[in-house]
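Engineer: Take a look at the following structure, please.
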Amino acid sequence: MKKITLCCLCVLALSGCTVQKQMTPVGGSKADGTIRMGYHIGDSYGAFEKANVDLMQGQSLAAQKCRVWGYDGAEAFGGQTSQCTDPSPMGCRQADVYIEYQCTGGKASQN
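Heads up: the sequence shown runs through residues -21 to -1, 1 to 90, numbered per mature numbering (1 follows the signal peptide of the UniProt record, and there is no 0).
Spelled out as structure tokens, the structure:
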């Protein structure tokens, strides 16, 4: 029974903990019509933290920023980039994750 309990605890520890993350604007270029959205992982559970990100919230916020610049909306380029901010011998404990969006319509269709 002790082995089963220990095994279950190990599985739970290695599976990580899911944390809800919100994307925020971290950069962009009005001239290029790009918005960089991002979030930080690893604050609560280090390398075991798993982010649950609302991609629609990020898309909506990027589109809102693009509309302020005179565009109609935004589309993700596809994929994401992560940069380790706290490396350790066991891997990366904390990282910044970025998703790039291209503003669409409006000024973009005039180019």
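Glycine is no exception: its CB is placed at the ideal position from the N, C-alpha and C atoms. All values derive from a computational prediction rather than experimental measurement.
Do I78 and G49 come within 8 Å of each other at the CB atom, strictly closer than that value?
Structural biologist: Taking 8 Å as the Cβ cut-off, G49 and I78 do not qualify as a contacting pair.
Engineer: Looking only at C-alpha atoms, which of G17, M35, S67 sits nearest to T60?
Structural biologist: Of the listed residues, the one whose Cα sits closest to T60 is G17.
Engineer: Assign C45 to one of two classes, buried (16 or more other C-beta atoms within 10 Å of its C-beta) or exposed (fewer than that).
Structural biologist: C45 is buried by the Cβ-count criterion.
Engineer: Among residues of its own chain, excluding the 5 on either side of D51, which ones have a beta-carbon nearer than 7 Å to its beta-carbon?
Structural biologist: Excluding positions up to five away in sequence, the list reads T83, G84, G85.
Engineer: Just grab the DSSP bridge partners of A55 for me.
Structural biologist: The partner list for A55 (beta bridge, DSSP) reads Y80.
Engineer: Of all Cβ atoms in chain C, is any one closer than 8 Å to the Cβ of G57?
Structural biologist: The chain inventory of the structure shown lacks chain C, comprising one protein chain alone.
Engineer: Can you tell me whether M35 is helix, strand or coil according to DSSP?
Structural biologist: Correct three-state label for M35: helix.
Engineer: Select from Q81, M69, T13, G21 the residue whose C-alpha is nearest the C-alpha of D75.
Structural biologist: Taking only the C-alpha atoms, the option nearest D75 is G21.
Engineer: Alpha carbons only, please: which of F27, T3, Q62 is nearest the one belonging to M35?
Structural biologist: Among F27, T3, Q62, the Cα nearest to that of M35 is on T3.
Engineer: Is it the case that the Cβ atoms of R15 and G7 are separated by a distance below 8 Å?
Structural biologist: Contact: yes.
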